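These notes concern the structure reproduced below.
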């Protein structure tokens, strides 16, 4: 799947980790583990909505590739400016 979906899943998993264990200091570890596991779930859903994103293919394929790359960079930039802890979730979600 594309970078923005994984980045948003990493952000959501950091929040879920915080909501699960508010009184516990392990919320970041829980969020990072959930973010890592979310990669497989998102890729399983992506099989049903596959669009060819090839930077050297047809014009539509090139547009899809560069559009999602720009959206991914924008999403990661926004998240890191908002709270640097989102970076842990994004990195874990993208490192699968």
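Numbering (the numbering used here), first residue to last: 7 to 102. From the three backbone atoms N, C-alpha and C, an ideal C-beta is built for every residue, glycine too. None of these values were measured; they are calculated from a predicted model.
Could you compute how far the alpha carbon of residue i sits from the alpha carbon of residue j?
i, j, result
"residue 72", "residue 29", "42 angstroms"
"residue 63", "residue 74", "15 angstroms"
"residue 35", "residue 25", "13 angstroms"
"residue 69", "residue 31", "43 angstroms"
Assuming residue i contacts residue j (C-beta within less than 8 angstroms), just tell me the rounded distance between them.
i, j, result
"residue 76", "residue 42", "Contact flag wrong, Cβ pair sits at about 25 angstroms."
"residue 96", "residue 79", "Rounded, the Cβ-Cβ distance is 12 angstroms, inconsistent with contact."
Taking the alpha helix (DSSP H) that residue i belongs to, which residues open and close that run?
i, result
"residue 102", "From DSSP, residue 102 is part of no alpha helix (DSSP H); its letter is neither H nor E."
"residue 66", "65 to 88"
"residue 25", "9 to 26"
"residue 44", "33 to 52"
Using the Cβ count rule (16 or more neighbours within 10 Å means buried), how would you classify residue i?
i, result
"residue 15", "buried"
"residue 46", "exposed"
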